[in-house]
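A.B. asks: In the numbering used here, the protein residues as written are 88 to 242.
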Ligand SMILES: [Zn+2]
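(1) Taking only runs of the alpha helix (DSSP H) that begin and end inside the region 112-147, which ones reach a length of at least 4 residues, in chain order?
(2) Measuring only the C-alpha atoms, how far is residue 181 from residue 90?
(3) Contact defined as beta carbons within less than 8 Å: I believe residue 150 pairs with residue 225. What is the distance between those atoms, to the nearest angstrom?
(4) First and last residue of the alpha helix (DSSP H) that includes residue 179?
(5) Pull up the distance between the alpha-carbon of residue 170 and that of residue 111, whole angstroms please.
(6) Relative to the C-alpha of residue 123, which residue among 154, 145, 107 and 136 is closest?
(7) What are the partner residues of residue 227, as DSSP defines its beta bridges?
(8) With distances taken from CA atoms, which of 164, 201 and 176 is nearest residue 228?
(9) Select from 232, 231 and 218 the residue whose C-alpha is nearest the C-alpha of residue 245.
(10) Nearest by alpha-carbon distance to residue 198: which of 102, 115, 100 and 97 is it?
(11) In three-state DSSP terms, what is residue 201?
(12) Where does residue 161 sit, in a helix, a strand or coil, going by DSSP?
(13) Just how far apart, CA to CA, sit residue 95 and residue 109?
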């Protein structure tokens, strides 16, 4: 019996929700054409940069999704041990200005980013089913086995 995309997303979301406590859900776009390998490369590179800023081991789920039109790729990530970093500084930068240190949104160097605080009440299933439109072309777990650190919540 064929499994529907929704069932797959629900199952993946459920699994991700149980995997580890998450702090943020992010989406990263690319302003230039990249392939799946290139997207994962930039994603991993960004995570190691975030880890330096976080000053503690971080862990993540990182997946590549192909966009609807033209097949442009973007990344989705669930991140842990980044609860003390600022997701978004609230400043709207002119387009093509990025890679700044003010917040996680503006730190992404390849295009636009959206970083949402993870709400455990909603669970990972909520983020996966609402933001992952077509399914993930490739994905990986980074920094597992995860060791959640004590982190301060700053708002
Ligand atoms: Zn910022």
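The beta-carbon is built from N, C-alpha and C at its ideal position, and this holds for glycine as well.
What you are looking at is a predicted structure, and each value in this text was computed from that prediction instead of being measured.
C.D. replies: The relevant details are as follows:
(1) Counting only runs of 4 or more, we get 123-141.
(2) Working through the chain shown from its first residue, we reach residue 181 at position 94. Working through the chain shown from its first residue, we reach residue 90 at position 3. Distance between the alpha carbons of residue 181 and residue 90: 43 Å.
(3) Counted from its first residue, the chain shown places residue 150 at position 63. Counted from its first residue, the chain shown places residue 225 at position 138. Sure, about 7 Å apart at Cβ, within 8 Å.
(4) By one-based count along the chain shown, residue 179 stands at place 92. Neither: residue 179 is in no alpha helix (DSSP H) and is coded neither H nor E.
(5) As a working note, residue 170 is residue 83 in the chain shown. As a working note, residue 111 is residue 24 in the chain shown. The straight-line gap from Cα to Cα measures roughly 8 Å.
(6) The residue given as residue 123 occupies position 36 in the chain shown. Selected option, being the one with the closest Cα: 154.
(7) Taking the first residue of the chain shown as position 1, residue 227 is located at position 140. Beta-bridge pairing links residue 227 to 149.
(8) Residue mapping note: residue 228 aligns to position 141 of the chain shown, counting from 1. Among 164, 201 and 176, the Cα nearest to that of residue 228 belongs to 164.
(9) Residue 245 is absent from the structure shown; the chain starts at 88 and stops at 242.
(10) One-based indexing of the chain shown puts residue 198 at position 111. Sorting 102, 115, 100 and 97 by C-alpha distance to the C-alpha of residue 198 places 115 at the top.
(11) Along the chain shown, read from residue 1 onward, the residue named residue 201 stands at position 114. Three-state DSSP puts residue 201 in a strand.
(12) Walking along the chain shown from the start, residue 161 turns up at place 74. Of the three classes helix, strand and coil, the one that applies to residue 161 here is strand, per DSSP.
(13) Within the chain shown, the letter at position 8 stands for residue 95. Within the chain shown, the letter at position 22 stands for residue 109. Approximately 20 Å between the Cα atoms of the pair.
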